[in-house]
Amino acid sequence: MADSHVTRDDICIVCQCSSTWSSMDAMATKCKDVATKLNVGRLDVVLYSTALLPVQGLVRTSALVDAWTAMVSLRTAGLADHIGVCDFPIHELEFLLRRFPSYPVEVQCVHDVTPFSPHEHMVQFCHSRQIDVIACFSIQMESLTHAQKTKWMSLVSDITTAHQTVWFQLNLPFETVRVENATAPINQAIKNCNVRLESRRTPEEVLVSWLNQRGIIAVPTVEDDEPYDTNVCRSLFSLCHPFVKEHAAVAPSKPYRFVLSKHEMDAVEACRQNVDSRTRLIG
C-alpha cells in the first residue's frame with residue numbers, strides 16, 4: 001500500500017476464526033499474527049458458522065454466546081474494527097442481535113452468491129438491521145449447472161455487447177463573434193458522440209455491478225491453488241480498473257462507469273426464473 005493511492009480504509013480484511021480459538025488469548029494472538037504479516041494495523045473479523053458444533057433444528061445457544069463473547073473481546077481490545085459472521089442463518093442472527101444489543105453483528109459474509117442463488121431474503125434481513133453484506137463469489141462459478149452457465153453467458157454476452165459503446169454528450173461553450181462594429185452570438189450547442197471500447201466487459205464485471213447495485217460488497221475468490229490462467233488473471237484485473245479509486249463504484253459521475261440499467265437488472269433476476277421453470281418442464 002505504500003506505493004499505491006489505495007489507503008487502509010479502502011481495504012476490508014477478513015480473518016477466519018477457528019473453533020479451537022475459543023479463548024480470548026488464542027483469538028487475539030491469531031489476529032495479531034495476521035495483522036503483522038499483512039502489515040496492517042487492524043482487521044475486520046467474522047465467525048464462520050462451520051466453526052461451531054451443529055445442533056439439529058435448534059439454536060446453538062451456549063456455543064454462540066461463548067464465541068460471540070470472545071468476538072466482543074476482540075472489538076473492545078481494539079484488535080478488530082468490525083465483528084461479524086459468515087453464512088449464519090437468520091434465526092441465529094436474530095439471537096445474537098437480541099443477546100448482544102451493545103455489540104451487534106456488523107458484517108455477514110455469504111458464500112457462493114450467484115444470479116441463480118441471490119440470497120434475497122438474507123440480504124433484505126441484513127440491510128434492515130444495518131448489517132453489511134459481503135458476497136464471496138467464485139471466478140469459475142463452478143457451482144452452476146451446465147444449463148445455468150449457458151443461460152448466464154448468453155445474458156452476459158448481450159449486456160457486454162450493449163456496453164461496448166459508451167455514449168457521451170458534450171456541451172460546446174457560448175461564444176460571441178465580433179466583426180468590425182457588429183457582434184454575432186453563437187448559441188451553446190450540444191454534440192453527441194459514441195466511443196467504442198477496445199475490450200468488452202468481462203462476466204465478472206457484470207456480476208459485480210449486479211451485486212453492488214443491490215447494496216452488496218463483492219469479493220472475488222479463486223477455488224483452487226493452481227497457477228492463474230490467462231482468463232482468471234483477466235477476470236481479476238478487470239475488477240480493478242486503473243482509472244478510478246473506487247474500483248467497483250457505480251456512481252453515475254464516473255467517466256468509466258459500468259452501471260446496469262433497470263432492464264438489465266430485471267433480466268438478471270429473470271435469468272434464474274427461466275432456468276428453474278425450464279428445469280421443471282424437463283423433469
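Here the sequence shown stands for residues 1 to 283, numbered as in full-length UniProt numbering.
Each residue gets a CB set at the ideal place from its N, CA and C atoms; glycine is no exception.
Nonlocal neighbours in the same chain, by C-beta distance under 6 Å from residue i, ignoring five residues either side
i: Asp158; result: none
i: Glu246; result: Confidence at Glu246 is low in this model, with a pLDDT of 42, below 50, so its placement is unreliable and the value that follows should be read with caution. Excluding sequence neighbours, Glu246 sits near nothing in its chain.
i: Ile131; result: Val105 and Gln108
i: Asp112; result: Ser143
i: Asp193; result: First, the residue type needs correcting, since residue 193 is Cys and not Asp in the sequence shown. Counting only Cβ-Cβ distances below 6 Å, and skipping sequence neighbours, we find Phe168.
i: Phe88; result: Ser49
i: His163; result: Arg201
i: Thr279; result: Unreliable positioning characterises Thr279 in this predicted model, as indicated by a pLDDT of 44, which lies under 50. The coordinate reading is nonetheless provided below. Closer than 6 Å at the Cβ level, and outside the excluded window around Thr279, lies no residue.
Sequence-distant residues of the same chain with beta carbon closer than 7 Å to residue i, five excluded per side
i: Val156; result: Pro203 and Val206
i: Ser235; result: Ile139, Thr202 and Glu204
Nearest neighbour of residue i, chosen from the options [CA to CA]
i: Phe116; options: Phe137, Cys109 and Gln130; result: Phe137
i: Ser238; options: Met265, Arg201, Asn192 and Lys32; result: Arg201
i: His127; options: Thr230, Ala147 and Arg214; result: Arg214
i: Ala80; options: Ser209, Ser261 and Ala70; result: Ala70
i: residue 296; options: Ser62, Phe88 and Pro118; result: Because the chain spans 1 through 283 in this model, residue 296 falls outside it and cannot be assessed.
i: Ala270; options: Ser235, Thr221, Val222 and Trp210; result: Trp210
i: Ser261; options: Thr160, Thr36, Lys151 and His121; result: Thr160
i: residue 332; options: Arg129, Pro220, His146 and Ile83; result: The structure shown does not extend to residue 332, since the chain spans only 1 to 283, so no value can be given for it.
Residue i Cβ short of 7 Å to the ligand NAP heavy atom set
i: Val133; result: The ligand content of the structure shown is nil, which means the ligand NAP is not present either.
Whether residue i touches residue j by CB criterion (8 Å)
i: Val166; j: Ala135; result: no
i: Ile139; j: Gln169; result: no
i: Val107; j: Asp44; result: yes
i: Met141; j: Thr114; result: yes
i: Val72; j: Phe100; result: yes
i: Leu64; j: Glu94; result: no
i: Tyr48; j: Arg75; result: no
i: Ala218; j: Val232; result: no
i: Ile83; j: Phe125; result: no
Whole-Å CB distance - residue i paired with residue j, under 8 Å assumed
i: Ile216; j: Val85; result: About 16 Å; that fails the 8 Å criterion.
i: Ala77; j: Ala28; result: 7 Å
Close-in-space but distant-in-sequence residues of the same chain around residue i (CB under 8 Å, 5 per side omitted)
i: Leu172; result: Gln188, Ala189, Ile190 and Lys191
i: residue 284; result: Limits of the chain in this structure are 1 at one end and 283 at the other, which puts residue 284 out of reach.
i: Thr183; result: Thr176 and Val177
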